[in-house]
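Visitor: Would you mind keeping the following structure in view while I ask a few things?
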Amino acid sequence: MPNDNALPSAPAVRSWRRWFPAGRPGVGALPEHAARTGLGTWWTDHPLCPRAAAVSCAGHAVLAGDPCATDPADLAPMAHCYVVAPDRFLPLLGRAFERIVPWERMIWAHDDPAPGTRPGPGLVARPLVPADAPAVRAAGPDLAWIAESWGGPAGLAASGHGWGVFRDSCLLSLACTFFAGSRYEDIAVATLPAARGRGLASACVRALCADVTARGRIPSWSCSRDNHPSRHLAVKSGFRLIHTYVHYALGAPVVGTRPLAEATRP
1 MPNDNALPSA
11 PAVRSWRRWF
21 PAGRPGVGAL
31 PEHAARTGLG
41 TWWTDHPLCP
51 RAAAVSCAGH
61 AVLAGDPCAT
71 DPADLAPMAH
81 CYVVAPDRFL
91 PLLGRAFERI
101 VPWERMIWAH
111 DDPAPGTRPG
121 PGLVARPLVP
131 ADAPAVRAAG
141 PDLAWIAESW
151 GGPAGLAASG
161 HGWGVFRDSC
171 LLSLACTFFA
181 GSRYEDIAVA
191 TLPAARGRGL
201 ASACVRALCA
211 DVTARGRIPS
221 WSCSRDNHPS
231 RHLAVKSGFR
241 LIHTYVHYAL
251 GAPVVGTRPL
261 AEATRP
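Heads up: the sequence shown begins at 1 in UniProt numbering, then just goes up one per residue.
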């Protein structure tokens with residue numbers, strides 16, 4: 001049953017913290033980001049005494065707990081998400097979705113501050129400010145995805161967690177914290193196709209990493225094992241590989257599924 005208008009019980013909060021511990025890099029920072037920002041959605045099998053839980057944000061989801069407590073139909077809202085879950089959840093996911101595609105992923109941590117670079121004549125690298133929301137929006141679909149974890153362009157521009165390279169009022173490249181945790185900030189970067197190959201992404205990433213470090217946190221970087229340009233940029237920007245894992249790209253829910261009950265966030 002939905003529990004949108006009630007605060008979660010103390011046992012529920014303790015369960016979420018046990019299942020989604022703080023201080024993790026990569027997508028492990030998603031639960032902390034969702035709890036801190038109020039963005040994303042939390043679910044449990046029971047609002048007071050949960051045995052299984054999930055949290056999703058920006059097309060990613062993390063599952064934890066006992067899969068036997070969850071009906072396959074309850075996972076329908078996670079269709080077309082990228083899901084991280086213990087292996088014990090795989091049979092449940094197989095019954096819930098028409099397609100499950102495993103993707104090998106890599107997590108990198110920043111430990112080698114590289115010198116900043118200038119983006120070139122006529123270009124300015126600077127932090128995003130709230131007034132930059134129209135520029136983020138005008139960049140179109142090539143950069144739109146990067147704002148999803150902040151609720152959209154306005155949220156990202158006002159977050160204090162982004163850097164961009166501009167030509168006048170035109171945003172060409174953007175790096176931001178995608179999931180902000182208590183120890184790690186997992187960052188993302190995107191550049192307009194016509195502006196690639198000019199070092200703009202490097203300029204944004206290095207400036208953002210300096211900000212993250214100044215906040216007392218560690219920048220982390222997540223990418224597919226097959227994304228060689230992303231891996232090259234990570235190494236070039238002073239990141240080292242610390243972990244590999246698998247997440248699952250989910251297809252459509254099996255016909256006849258029903259919505260999952262939503263719980264108030266902790």
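Note that CB positions come from ideal geometry on N, CA and C, so glycine has one too.
(1) Quick check: what's the CA-CA separation for P67 versus G38?
(2) Which of the three DSSP states, helix, strand or coil, is assigned to T191?
(3) If I measure Cβ to Cβ from S9 and keep anything under 6 Å in the same chain, skipping five residues before and after, which residues do I get?
(4) Under the DSSP definition of a beta bridge, which residues are partnered with F178?
(5) For G40, which residues of its own chain have a beta-carbon under 7 Å away from its beta-carbon, when the five flanking residues on both sides are left out?
(6) When you compare each of V136, G122 and P121 to L128 by their alpha carbons, which one comes out closest?
(7) Answer with buried or exposed for residue 334, where buried requires no fewer than 16 other C-beta atoms within 10 angstroms of its C-beta.
(8) DSSP state of L7, grouped into three classes?
(9) Taking the continuous alpha helix (DSSP H) assigned at C204, which residues delimit it?
(10) Per the contact definition of three or more C-beta pairs closer than 8 Å, is the region 141 to 152 in contact with the region 233 to 249?
(11) First and last residue of the alpha helix (DSSP H) that includes P141?
(12) Mind checking whether A133 and A109 have CB atoms under 8 Å apart?
(13) Any idea what DSSP makes of E185, helix, strand or coil?
(14) Just the Cα atoms here: how many angstroms apart are P11 and A85?
(15) Quick check on E104: buried or exposed, where buried means 16 or more other Cβ atoms within 10 Å of its Cβ?
(16) Assuming D168 contacts F178 under a Cβ cut-off of 8 Å, what Cβ separation, rounded to an integer in Å, is found between them?
Guide: Reading it off the structure:
(1) Locating residue 67 in the sequence shown gives position 67, counting from the first residue. Locating residue 38 in the sequence shown gives position 38, counting from the first residue. Between P67 and G38, the C-alpha separation is close to 26 Å.
(2) To locate residue 191, count along the sequence shown from 1; it is residue 191. The answer is strand: DSSP assigns T191 an E or B state.
(3) Within the sequence shown, residue 9 is the residue found at index 9, counting from 1. Low per-residue confidence applies at S9: pLDDT is 43, beneath 50, and the placement is therefore not dependable enough to give any value.
(4) In the sequence shown, counting from the first residue as 1, residue 178 sits at position 178. F178 pairs with nothing; no bridge assigned.
(5) Taking the sequence shown and counting its residues from 1, the one referred to as residue 40 is at position 40. So the list reads A34, V55, S56 and C57, once near-sequence residues are dropped.
(6) One-based indexing of the sequence shown puts residue 128 at position 128. It is V136 whose Cα lies nearest to the Cα of L128.
(7) Outside the shown range of the chain (1 to 266) lies residue 334, about which nothing can therefore be said.
(8) Sequence index remark: in the sequence shown, residue 7 carries index 7 (1-based). Only weak support is given to the placement of L7: the predicted model assigns it a pLDDT of 32, under 50, and the value that follows is read from those uncertain coordinates. L7: coil per DSSP, three-state reduction.
(9) As a working note, residue 204 is residue 204 in the sequence shown. Looking at the DSSP string, the run of the alpha helix (DSSP H) that includes C204 is L200 to A214.
(10) no
(11) Translated into positions along the sequence shown, residue 141 becomes position 141. Residues P141 to A144.
(12) Here the question's residue 133 lines up with position 133 in the sequence shown. Here the question's residue 109 lines up with position 109 in the sequence shown. Not in contact: A133 and A109 (Cβ atoms no closer than 8 Å).
(13) For this step, residue 185 is matched to residue 185 along the sequence shown. The answer is strand: DSSP assigns E185 an E or B state.
(14) If you number the sequence shown from 1, residue 11 lands on position 11. If you number the sequence shown from 1, residue 85 lands on position 85. Residue confidence for P11 is low, a pLDDT of 47 falling below 50, so the modelled location carries little weight; the figure read from the coordinates is stated next. For P11 and A85, the distance between alpha carbons rounds to 22 Å.
(15) What you label residue 104 is simply residue 104 of the sequence shown in a count that begins at 1. So E104 ends up on the exposed side.
(16) Taking the sequence shown and counting its residues from 1, one reaches residue 168 at position 168. Taking the sequence shown and counting its residues from 1, one reaches residue 178 at position 178. No, D168 and F178 are not in contact; Cβ-Cβ is about 27 Å, not under 8 Å.
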